[in-house]
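A.B. asks: Residue numbers (this note's numbering): 248 to 552.
A virtual CB, placed ideally from N, CA and C, is assigned to each residue, including glycine.
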Amino acid sequence: MSASTSQNQRIAVIGLGSMGFGMATSLKRAGHAVTGCDVSADAVARFVKDGGAGASTPAEAAKGADIVVSVVVNAAQTETILFGKDGAAETLPKDSVFLSSATMDPDVARRLAKQLEATGRHYLDAPISGGAQRAAQGELTILASGSPAAFAKARPALDAMAAKLYELGDAAGQGAAFKMINQLLAGVHIAAASEAMAFAAKQGLDIRKVYEVITASAGNSWMFENRMPHVLDGDYTPRSAVEIFVKDLGIIQDMARSARFPVPVSAAALQMFLMTSAAGMGRDDDASVARMYAQVTGVKLPGDK
Numbered sequence: 248m249s250a251s252t253s254q255n256q257r258i259a260v261i262g263l264g265s266m267g268f269g270m271a272t273s274l275k276r277a278g279h280a281v282t283g284c285d286v287s288a289d290a291v292a293r294f295v296k297d298g299g300a301g302a303s304t305p306a307e308a309a310k311g312a313d314i315v316v317s318v319v320v321n322a323a324q325t326e327t328i329l330f331g332k333d334g335a336a337e338t339l340p341k342d343s344v345f346l347s348s349a350t351m352d353p354d355v356a357r358r359l360a361k362q363l364e365a366t367g368r369h370y371l372d373a374p375i376s377g378g379a380q381r382a383a384q385g386e387l388t389i390l391a392s393g394s395p396a397a398f399a400k401a402r403p404a405l406d407a408m409a410a411k412l413y414e415l416g417d418a419a420g421q422g423a424a425f426k427m428i429n430q431l432l433a434g435v436h437i438a439a440a441s442e443a444m445a446f447a448a449k450q451g452l453d454i455r456k457v458y459e460v461i462t463a464s465a466g467n468s469w470m471f472e473n474r475m476p477h478v479l480d481g482d483y484t485p486r487s488a489v490e491i492f493v494k495d496l497g498i499i500q501d502m503a504r505s506a507r508f509p510v511p512v513s514a515a516a517l518q519m520f521l522m523t524s525a526a527g528m529g530r531d532d533d534a535s536v537a538r539m540y541a542q543v544t545g546v547k548l549p550g551d552k
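1. Within the continuous beta strand (DSSP E) that includes Ala409, where are the two ends?
2. With C-beta atoms as the reference, is Ser441 less than 9 Å away from Ala537?
3. For Asp533, count neighbouring Cβ atoms within 10 angstroms of its own Cβ and tell me buried if that reaches 16, exposed if not.
4. Is it true that the CB of Glu490 sits closer than 9 Å to the CB of Ser464?
5. Since Val536 is in the alpha helix (DSSP H), which residue starts that stretch and which ends it?
6. Measure the alpha-carbon distance for Thr484 versus Asp453 and round it to whole angstroms.
7. Smallest Cα separation from Leu359: which of Ile328, Met270, Gln500 and Pro340?
8. Check Phe508 in the structure and name its three-state DSSP category.
9. Using 8 Å for Cβ pairs, my map puts Ala419 next to Asp372. What's the rounded Cβ distance?
10. Taking the straight line between their C-alpha atoms, what separation do you get for Ile499 and Met427?
11. Tell me whether Pro353 is buried or exposed, calling it buried when 16 or more other Cβ atoms sit within 10 Å of its Cβ.
12. Thinking just about the alpha-carbon of each residue, which of Ile375, Ala312 and Ser505 is nearest to the one in Ile389?
13. Indicate whether the contact test is met: 3 or more Cβ pairs, each with one atom in the region 312 to 321 and one in the region 396 to 405, closer than 8 Å.
14. Assign Pro509 to buried or exposed, taking buried as 16 or more other Cβ atoms, counted over all protein chains shown, within 10 Å of its Cβ.
15. Tell me, please, whether the region 359 to 369 touches the region 329 to 337 by the rule of three or more beta-carbon pairs shorter than 8 Å.
16. For Val260, write down the residues that DSSP places opposite it in a beta bridge.
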């Protein structure tokens with residue numbers, strides 16, 4: 248793909264949350280004509296103020312687009328954006344590509360791809376990892392699978408959004424499956440980090456010192472290092488919400504049950520996220536699992552009244 252061609256893409260980004268807004272900004276910075284669409288009119292207005300274009304429905308956003316980037320939470324929202332009322336599939340030009348970033352069951356990704364490809368458009372299964380800051384910097388990790396034609400069509404958008412692009416197969420579903428393995432580990436690591444930090448507090452340890460020691464020791468994980476500062480600061484503003492892991496670890500249970508494969512560690516982690524959600528913290532940061540442990544055991548953490 249030549250530089251000049253990549254500058255001329257018309258790209259719609261549907262879903263302007265913390266990830267989608269950053270991705271749309273990265274695409275715009277790379278020289279593409281970007282239209283943003285979101286259920287929140289305020290999010291669209293903010294993107295327009297930043298110099299992008301706005302649309303009120305997926306169908307309006309997808310009209311004339313070379314690439315549609317869908318950055319929503321789950322499979323149900325993805326299907327609605329594509330095939331629901333005023334969906335992108337109504338107006339997406341033939342031979343254009345729909346790039347799906349939602350984390351979902353691989354079987355659902357395969358079904359959506361088959362349904363869209365039957366209409367003469369391309370589907371790229373492209374879950375993302377990296378968080379809002381990397382999205383805004385155009386430095387995401389993208390785990391993608393799809394036909395060679397889908398990759399070729401989506402390449403300008405992928406180049407603008409990703410620091411690392413993994414091409415994981417020539418059919419939808421592979422990207423989703425890789426993402427679920429990542430989510431299994433991520434959820435388990437957050438639950439384990441939260442358990443350890445609350446247990447350290449129960450022992451009367453200085454948890455800031457615990458953080459310093461563990462991040463320099465073999466027990467460290469990326470999630471411990473990234474999430475436990477939220478506990479130290481008593482700040483549970485959601486960078487990634489508890490409900491995300493209720494969903495993703497739930498998908499893993501469904502996949503494992505179908506495959507007759509035991510996943511007892513991620514099942515235990517799912518229960519921790521479910522308890523945290525049930526305690527009223529579902530929309531808070533996923534490090535709130537530590538708060539749930541603290542509430543159950545009477546432990547004081549920073550920020551506790």
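C.D. replies: Let me spell this out:
1. Reading the sequence shown from its first residue, position 162 is the one you call residue 409. Ala409 to Glu414 is the extent of the beta strand (DSSP E) around Ala409.
2. Along the sequence shown, read from residue 1 onward, the residue named residue 441 stands at position 194. Along the sequence shown, read from residue 1 onward, the residue named residue 537 stands at position 290. Cβ atoms of Ser441 and Ala537: closer than 9 Å.
3. For the purposes of this step, residue 533 is identified with residue 286 of the sequence shown, where counting begins at 1. Buried: at least 16 other Cβ atoms inside 10 Å.
4. Walking along the sequence shown from the start, residue 464 turns up at place 217. Walking along the sequence shown from the start, residue 490 turns up at place 243. No, they are not a contact pair.
5. For the purposes of this step, residue 536 is identified with residue 289 of the sequence shown, where counting begins at 1. Run containing Val536: Val536 to Thr544, per the alpha helix (DSSP H) assignment.
6. The residue labelled residue 484 in the question sits at position 237 within the sequence shown. The residue labelled residue 453 in the question sits at position 206 within the sequence shown. Their backbone Cα atoms lie some 23 Å apart in a straight line.
7. The sequence position of residue 359 within the sequence shown is 112, counting from 1. Residue Ile328 is the option with its Cα nearest to Leu359.
8. Taking the first residue of the sequence shown as position 1, residue 508 is located at position 261. Here Phe508 sits in coil by DSSP.
9. Against the sequence shown, residue 419 aligns to sequence position 172. Against the sequence shown, residue 372 aligns to sequence position 125. Confirmed, about 4 Å.
10. Translated into the one-based positions of the sequence shown, residue 499 becomes position 252. Translated into the one-based positions of the sequence shown, residue 427 becomes position 180. Their backbone Cα atoms lie some 7 Å apart in a straight line.
11. On the sequence shown, residue 353 is found 106 positions in, with the first residue counted as 1. It is buried - the Cβ of Pro353 has at least 16 other Cβ atoms within 10 Å.
12. Translated into positions along the sequence shown, residue 389 becomes position 142. The residue with the shortest Cα to Cα distance from Ile389 is Ile375.
13. yes
14. Within the sequence shown, residue 509 is the residue found at index 262, counting from 1. Flag for Pro509 reads exposed.
15. yes
16. Residue 260 sits at position 13 when you count from the first residue of the sequence shown. Paired residue(s): Gly283 and Val316.
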